[in-house]
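Comments concern the structure below.
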Amino acid sequence: AAAVLGYVQPADDSAAGDASPLQTSGIGRAGVEGFYEDQLRGRPGEVREQVAAPGGAPRVLSGRPPRAGWDVVLTLDLRLQRFAEQLLDGVCAAGTESSPAPASGAVFVLDVASGAVLVAATEPRCDPNAAARPASPEGLELAARPDAPLFSRIHQMCLPPGSCFKPVTAVAALHVGVDPAEPYSCRGYLHEPDKFRCLIYRHAGVGHGSVIMTDALARSCNVYFFQLAERIGWEPIARWGAAFGFGQRSGIDLAGEEPGVLFDLDTPTPGRRRSVSPGESLSLAIGQGTLSATPVQVAVMMAAIANGGLRVVPHVRRDAAQPPRFVDGLVPPANRSLAVVRTGLEQVVADPHGTGHEHVFLPEIEIAGKTGTAQSGSSRGDHAWFAGYVPAKNPRFTIVVVLEHAGSGGHAAGPLARELVRHLLELGYFPAAQARAESSAPR
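Sequential numbering of the sequence shown, starting at 1045, is according to the working numbering.
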């Protein structure tokens, strides 16, 4: 859990000032070590003495005893954390049957009610002992590595979330009056065959036909969401994106969290907002364009859909829980918009035509979620996402898997999510589902 723990490095002279103990004990620079630096450090002892004449004993003028720092007890389940790291190591080294080996990735598991983090796994990882000696050969090699193992892909890596953002677009459309049962026609592309297309058209030259909102979520129909964006415009989508936590820090208690980018409206002319092109609006609707998010932000969004509209604050310290608040615009308790979206997310995995069915479905327990295949803008391939929650009907945990440049979200990220849920079952997190599975097993 190196990305969570962080590391300690020696303080330079300007940072240490007169506090010479910092120069020997070091300063927390990342993760928990950086966020809880003051609490973990404690206070060094001090003795003031009057110098004595040669041969005499010094006289103690004043002093204070040292005070130990506070313990920080983490929310991580070490068994799950180890398992997730092993999953990442395997797929990042060997890749998948249909995808090239990704260079890096992250797995994040969040309690949808409390915001407690059970898993925060990354690949590549660093040895905190080497990071603590930045001037040593090991420390210099670590800092120079092109795969950036000191960089936390949990709360600092900002990538386009791709289709994992479509639930936000769906909520935005529902709240401006779009009927979820109204069918839209998908021929595989919006207006022209060479742009604004569905993935199925790129691969097979066909469209999804007539789809309603739940179908579009389950089968990840880009054209449906392009048509929504043309109908409602970019502003409701951006507003609901902000309400779900995109473009802002989640508040997780790890040093150095990045806010990502929700929608870039910067202009070189002060005081004037630039116009938004139709293409930018369409890209936003499917989680592309200037939109970028961390795995933590995607998990917070998915947790809010799972728990009835509460935005939790993720935390890795066990006693650092903060009260969640309702997503701006969602009226408690749960409302119709979330019910529609949750039905679509359940079909992603349960429906044989869903993009997550082949690689995420488990007969023992219902899983809901969304696959995402996000264009990276480079020749290295798309980013693979899966973001979901389990159990589908009574959610307890949100699971986010992202693999950089790994290809299809369903094919590359989906199997890791499935294995993680299987391990949760084995560890007894879902006793009711486990009992059902045992009772139905052949004797």
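Glycine included, C-beta positions come from ideal geometry on N, C-alpha and C.
Of the choices the options, whose alpha-carbon is the least far from that of residue i?
i: proline 1339; options: Leu1132, Phe1405, Phe1195, Val1444; result: Val1444
i: serine 1336; options: Phe1209, Ala1350, Gly1432, Gly1295; result: Phe1209
i: serine 1381; options: Ala1260, Leu1306, Pro1211, Arg1073; result: Pro1211
i: alanine 1174; options: Leu1184, Ala1165, Thr1166, Glu1167; result: Leu1184
i: glycine 1199; options: Glu1236, Leu1218, Val1161; result: Glycine is not the amino acid found at residue 1199; the sequence shown has histidine there. Nearest of Glu1236, Leu1218, Val1161 to histidine 1199, Cα basis: Val1161.
i: glycine 1287; options: Cys1242, Val1344, Arg1246; result: The displayed chain sequence assigns alanine, not glycine, to residue 1287. Among Cys1242, Val1344, Arg1246, the Cα nearest to that of alanine 1287 belongs to Val1344.
i: leucine 1406; options: Leu1460, Gln1419, Gly1388; result: Leu1460
i: alanine 1225; options: Gln1053, Asp1259, Gly1323; result: Asp1259
i: valine 1494; options: Phe1240, Pro1280, Asp1223; result: Since the first residue shown for the chain is 1045 and the last is 1487, residue 1494 is missing from the structure and cannot be characterised.
i: glycine 1453; options: Pro1227, Asp1121, Gly1416, Asp1133; result: Gly1416
i: proline 1280; options: Ile1349, Gly1451, Ser1325, Cys1202; result: Ser1325
i: arginine 1197; options: Asp1372, Glu1301, Gln1366, Gly1323; result: Glu1301
i: leucine 1218; options: Gly1425, Leu1374, Asp1426; result: Leu1374
i: alanine 1074; options: Ala1045, Ala1097, Glu1090; result: Ala1045
i: arginine 1275; options: Asp1238, Asp1082, Tyr1228, Phe1195; result: Tyr1228
i: arginine 1386; options: Val1371, Ser1422, Ile1349; result: Ile1349
Apart from the five residues just before and just after residue i, which ones in its own chain have a Cβ nearer than 7 Å to its Cβ?
i: aspartate 1395; result: Ala1262, His1401
i: valine 1250; result: Gly1232, Ile1244
i: phenylalanine 1474; result: Ile1409, Pro1435, Leu1468
i: asparagine 1351; result: Val1156, Ala1157, Pro1439
i: valine 1095; result: Pro1102
i: cysteine 1230; result: Cys1242, Gly1251, His1252, Gly1253, Val1255, Cys1265, Val1267, Tyr1268
i: proline 1377; result: Because proline 1377 sits at a pLDDT of 48, beneath the cut-off of 50, its placement in the model cannot be relied upon, and the following sentence gives the value as read from the coordinates. The answer, listed in chain order, is Gly1352.
i: threonine 1334; result: Val1305, Phe1307, Asp1308
i: lysine 1437; result: Glu1410
In the DSSP assignment, the beta strand (DSSP E) including residue i goes from what residue to what residue?
i: arginine 1189; result: Neither: arginine 1189 is in no beta strand (DSSP E) and is coded neither H nor E.
i: phenylalanine 1127; result: That residue, phenylalanine 1127, is in no beta strand (DSSP E); its alpha helix (DSSP H) goes 1122-1138.
i: valine 1151; result: 1149-1155
i: glutamate 1402; result: From DSSP, glutamate 1402 is part of no beta strand (DSSP E) but of the alpha helix (DSSP H) over 1401-1404.
i: valine 1393; result: First-last for valine 1393: 1380-1394, but that is the alpha helix (DSSP H), not the beta strand (DSSP E).
i: glutamine 1366; result: No beta strand (DSSP E) contains glutamine 1366, which DSSP labels as neither H nor E.
Could you check whether residue j and residue i sit closer than 8 Å to each other, using their CB atoms as the reference points?
i: glycine 1086; j: alanine 1112; result: yes
i: alanine 1457; j: phenylalanine 1430; result: yes
i: phenylalanine 1290; j: glutamine 1341; result: yes
i: arginine 1455; j: alanine 1147; result: Reading off the sequence shown, one finds histidine at residue 1455, where the question assumed arginine. Cβ atoms of histidine 1455 and alanine 1147: not closer than 8 Å.
i: glycine 1070; j: alanine 1176; result: yes
i: alanine 1216; j: tryptophan 1284; result: yes
i: serine 1207; j: serine 1264; result: yes
i: valine 1356; j: alanine 1364; result: no
i: tyrosine 1080; j: valine 1048; result: no
i: valine 1135; j: methionine 1257; result: no
i: arginine 1293; j: leucine 1118; result: no
i: proline 1172; j: proline 1193; result: no
i: alanine 1282; j: alanine 1329; result: no
Between residue i and the rest of its own chain, which residues show a CB-CB distance below 8 Å, the 5 nearest in sequence each way excluded?
i: leucine 1464; result: Leu1124, Phe1127, Ala1128, Leu1131, Val1151, Val1153, Val1163, Ile1443, Val1445
Can you tell me the Cβ-Cβ gap for residue i and residue j, rounded? I've got them flagged as a contact below 8 Å.
i: glycine 1149; j: leucine 1447; result: 4 Å
i: glycine 1159; j: histidine 1359; result: 6 Å
i: glutamine 1419; j: glutamine 1332; result: 6 Å
i: proline 1368; j: leucine 1389; result: About 20 Å separates the two Cβ atoms, so there is no contact after all.
i: histidine 1397; j: arginine 1462; result: Incorrect: roughly 18 Å between the Cβ atoms, too far for contact.
i: glycine 1451; j: alanine 1428; result: 6 Å
i: glycine 1425; j: lysine 1414; result: Contact doesn't hold; Cβ gap of about 20 Å is too wide.
Name the two residues that bound the continuous alpha helix (DSSP H) containing residue i.
i: tryptophan 1429; result: From DSSP, tryptophan 1429 is part of no alpha helix (DSSP H) but of the beta strand (DSSP E) over 1427-1434.
i: alanine 1498; result: Since the first and last residues shown for the chain are 1045 and 1487, residue 1498 lies out of range.
i: cysteine 1242; result: Careful: cysteine 1242 lies outside any alpha helix (DSSP H) and carries neither H nor E.
i: isoleucine 1276; result: 1266-1276
i: threonine 1442; result: Unbroken run through threonine 1442 is the beta strand (DSSP E), 1441-1447; no alpha helix (DSSP H).
i: alanine 1412; result: Run containing alanine 1412: none in the alpha helix (DSSP H); it sits in the beta strand (DSSP E), 1412-1418.
i: glycine 1323; result: 1322-1329
i: threonine 1258; result: 1257-1263
i: valine 1163; result: Valine 1163 -> not in any alpha helix (DSSP H); beta strand (DSSP E) instead, spanning 1161-1167.
i: valine 1342; result: 1339-1350
Could you name the residues of the same chain whose beta carbon sits closer than 6 Å to that of residue i, not counting the 5 residues immediately before and after it, in chain order?
i: valine 1052; result: Gly1070, Gly1072, Glu1077, Ala1176
i: leucine 1105; result: Arg1092, Gln1094
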